[in-house]
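Asker: Residues are numbered in my numbering as their position in the sequence shown, beginning at 1, plus a constant of 509. No residue lacks a Cβ here, since even glycine has one placed at the ideal position from N, Cα and C.
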Amino acid sequence: MTCLRSITSTKRNLKLKSFMVITAIETIVLIYYCNTLQNTLKDVSSEVKNFLHAGLGKYSTNTVWRIFWNQFQQHYYCCGVSQSNDWFQTAWVSPMVLSSFSLFKKYIQNNNKLFISVAPLSCCRPNMTCNVFVDFTQPDLNKYYQNGCFTIISDAINSIESTKYIYFSVIIIQV
């Protein structure tokens, strides 16, 4: 009888030790996964921001980028990458289109790029009148959406990152 109790006790201890080892391994794997996820999402976020900045400069020459920016800004009520004046440092207006307008000629630089202090009409807030031909001499930032578009994407990336808290909860529940 004592031998049977000893075997039963040993089995119970072995199960408990096995459970503890498996839980420890799961914990280590989940912590590693959460850390890797966080670092990867930071890299993705940084790359997306750089990609969007590059896309601003392609607005005048690439139809896909122009459609993307116009639709994204109108749909999400945002402007530029970080803020509306991102467009002010970007040659987004084609100088070929506007070179016939004498008032723009002085703004065309030697490299044939045109930098003006105005954002595309897709940035214009509802009930505001935005006019590239008037606004570029005295830009009014209040006419444009105030939030940068990267904020929208960053929030989506951060919502993925928040899954790490679910994994940490699983660890706590198991322990």
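With DSSP as the reference, please indicate the residues paired to Tyr653 in a beta bridge.
Answerer: Cys633
Asker: Evaluate the contact criterion for the stretch 533 to 549 versus the stretch 567 to 577: three or more CB pairs, one atom per stretch, below 8 Å.
Answerer: no
Asker: Give me the residue from Val602, Gly564, Asn667 and Ile662 with the minimum Cα distance to Pro629.
Answerer: Val602
Asker: Flag Asn559 as yes if its beta-carbon sits less than 7 Å from any beta-carbon of chain C, otherwise no.
Answerer: Structure shown: chain C not included; a single protein chain is present.
Asker: According to DSSP, is Val627 part of a helix, a strand, or is it coil?
Answerer: coil
Asker: Using alpha carbons as the reference points, say which of Leu561, Cys632, Ser591 and Val530 lies closest to Tyr653.
Answerer: Cys632
Asker: For Lys558, collect the residues of the same chain with a Cβ closer than 6 Å to its Cβ; drop the 5 residues on either side in sequence, then sort them by chain order.
Answerer: Phe659
Asker: Give the secondary structure of Thr660 by DSSP, where H, G and I count as helix, E and B as strand, and everything else as coil.
Answerer: helix
Asker: To the nearest angstrom, how far is the alpha carbon of Cys588 from that of Phe577?
Answerer: 12 Å
Asker: Between the C-alpha atoms of Gln580 and Tyr586, what's the straight-line distance to the nearest angstrom?
Answerer: 10 Å
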